[in-house]
DNA sequence: ATGTCGGGGATCGTATACGATCAACGGAGC
DNA sequence: GCTCCGTTGATCGTATACGATCCCCGACAT
């Protein structure tokens, strides 16, 4: 009795997927009428779908001009990673008390599969497992709103992250070790703040490596100043640093 | 020259506002046709507006049944506050290096107006100033995505927060002092993490007070376990063994 | 050569129309 | 008296139609 999806829903998920797969490239124009034809429906459902995608930030819309796939430039990528590091760190630390032994075992198994994948490296599969690993942990967070934000962060990232490990393959091995550490911290009931910072640093490590590899001249400070990520940032906080809490 | 807003936009902001003001109560049914009549337009623009509101979580939608104003229960309120505490804490700490002397002065002035408001207390005005104070700081955060999330958090909260200080008036005085401390930390270029925690605790203090006032027996752990919020929580974080959590 | 104006085509914005679906109600059968 | 089922009204979902707006491009004047 699975009710046929409404055309509006169809349009939504189709366009959504096509954006994720890259079939609709960033910046590409999304003409309502054309999409309607391709989907075999009129423009009305397509319009609704586009509206939702707009609200989710996947497409931009201009009055009387039309929609286009949102452009994700490097800046946006870095911001998304930084934001996700913050949100996910908090989510995992909140989730920690609710992570069962079974959950830990399951996550560990995923991590082992990643380890096995190191030889004969497959960036895409590796990335998929990576996402599974992380969702397994943050998913236990009792704050559903926070969870939702983690979800959105990953989705937002999916458009680029697909190839993250292609660009920075040397991160793979370190990543797995950091996963081990996170699991250990959770397992031994470490201080929430410690867990939070561990996850945060872990997530920030990849974009940092990415920046170092592409070009050092730029301005990697965007991430350098992430709170608590690197204790010794020495970022140009022109103000005298008074020592804070431990 | 201001181009007339599209009816879709009109519909969006009208419904949005009506939800915020409470004219449309939580759980209330939103009949497309009726709204269209009230706004003097057909249902199509209304549908689009509802879709966007749906994507933002302000309304829920059920196929072939219709839309209704999303219900915000106490749980959702607490989760939103907790989430905002995390996001805003990070945003302010990232913003700190970019907060100018003028910004600080401006924020201090807002805080002074709040102080003046303590006698002859006006919860609504107080709350407005409070939001202004906070946005002035987090607004300097260079991570626009994070900023956007702060914005959404406040908006989401606006539906309930309107009356927060009505419920917990004794928080007002403490709140102002905490503002002072935050300004001081930023002014002296304190460690980002210190700033982050200060903002986090500040935001969490109100819902905590709220919980204590309404009923202490309950289970205020939702917030007690916020990472780093209260160093001495000693939350009995016993891990659920094998068996699923919750 | 450059800048301005205007026509034409593509696309958007919205109203209207109509079939589809759901929920509520009331009567027939047990 | 209770359950089941068909009818009915309200509302949703979508197609179609048509006016409104914008962008592109070529002609004309400077």
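Protein chains in written order, with full-length UniProt numbering: chain A, 1 to 246; chain B, 1 to 246.
Backbone N, C-alpha and C fix where the C-beta goes; we use that ideal spot for every residue, glycine too.
Checking contacts by CB at 7 Å: is residue i closer than that to chain A?
i, result
"residue 136 of chain B", "no"
"residue 290 of chain B", "The question about residue 290 of chain B has no answer, for chain B in this structure spans 1 to 246."
"residue 86 of chain B", "yes"
"residue 143 of chain B", "yes"
"residue 48 of chain B", "yes"
"residue 67 of chain B", "no"
"residue 74 of chain B", "no"
"residue 95 of chain B", "no"
"residue 51 of chain B", "yes"
Would DSSP call residue i helix, strand or coil?
i, result
"residue 56 of chain A", "coil"
"residue 200 of chain A", "helix"
"residue 30 of chain A", "strand"
"residue 140 of chain B", "coil"
"residue 67 of chain B", "strand"
"residue 119 of chain A", "coil"
"residue 62 of chain B", "strand"
"residue 82 of chain A", "helix"
"residue 153 of chain A", "helix"
"residue 190 of chain B", "coil"
"residue 42 of chain A", "coil"
"residue 104 of chain B", "helix"
"residue 169 of chain A", "coil"
"residue 89 of chain A", "helix"
"residue 76 of chain B", "helix"
"residue 22 of chain B", "coil"
"residue 13 of chain B", "helix"
"residue 124 of chain A", "helix"
"residue 6 of chain B", "coil"
"residue 110 of chain B", "helix"
Look at the alpha carbon of residue i and the alpha carbon of residue j, and state the distance between them as a whole number of angstroms.
i, j, result
"residue 202 of chain B", "residue 192 of chain A", "18 Å"
"residue 34 of chain A", "residue 46 of chain A", "10 Å"
"residue 176 of chain A", "residue 8 of chain B", "48 Å"
"residue 174 of chain B", "residue 125 of chain B", "17 Å"
"residue 119 of chain B", "residue 105 of chain B", "23 Å"
"residue 92 of chain B", "residue 38 of chain A", "46 Å"
"residue 186 of chain B", "residue 94 of chain B", "11 Å"
"residue 66 of chain B", "residue 5 of chain A", "15 Å"
"residue 154 of chain B", "residue 195 of chain B", "20 Å"
"residue 31 of chain A", "residue 41 of chain A", "13 Å"
"residue 14 of chain B", "residue 80 of chain A", "31 Å"
"residue 100 of chain B", "residue 21 of chain A", "43 Å"
"residue 188 of chain A", "residue 128 of chain A", "27 Å"
"residue 132 of chain B", "residue 181 of chain B", "17 Å"
"residue 88 of chain B", "residue 146 of chain B", "8 Å"
"residue 77 of chain B", "residue 86 of chain B", "14 Å"
"residue 60 of chain A", "residue 142 of chain B", "21 Å"
"residue 121 of chain B", "residue 75 of chain B", "28 Å"
"residue 156 of chain B", "residue 210 of chain A", "35 Å"
"residue 184 of chain B", "residue 108 of chain B", "10 Å"
"residue 248 of chain B", "residue 148 of chain B", "What is shown of chain B runs 1 to 246, which leaves residue 248 of chain B out entirely."
"residue 52 of chain A", "residue 152 of chain B", "16 Å"
"residue 134 of chain A", "residue 56 of chain A", "22 Å"
Just checking: is the beta-carbon of residue i within a distance shorter than 7 Å of some beta-carbon in chain B?
i, result
"residue 254 of chain A", "What is shown of chain A runs 1 to 246, which leaves residue 254 of chain A out entirely."
"residue 30 of chain A", "no"
"residue 111 of chain A", "no"
"residue 119 of chain A", "no"
"residue 60 of chain A", "no"
"residue 203 of chain A", "no"
"residue 39 of chain A", "no"
"residue 198 of chain A", "no"
Here's a check: name, in chain order, each residue in its chain whose Cβ is nearer than 7 Å to the Cβ of residue i, leaving out the five neighbours to either side.
i, result
"residue 103 of chain B", "136 and 140"
"residue 49 of chain B", "8, 11, 12 and 15"
"residue 115 of chain A", "176"
"residue 113 of chain B", "129"
Who are the near neighbours of residue i in its chain, counting only those whose CB is closer than 6 Å to its CB and skipping five residues on each side?
i, result
"residue 24 of chain B", "18 and 69"
"residue 150 of chain B", "87, 88, 91 and 138"
"residue 36 of chain A", "42, 43 and 46"
"residue 190 of chain A", "none"
"residue 220 of chain A", "Low confidence applies here, because residue 220 of chain A scores a pLDDT of 42, under 50, leaving its location unreliable and the question unanswered by this model."
Given residue i, which residues of its chain have a CB within under 8 Å of its CB, disregarding the five upstream and five downstream residues?
i, result
"residue 170 of chain A", "209"
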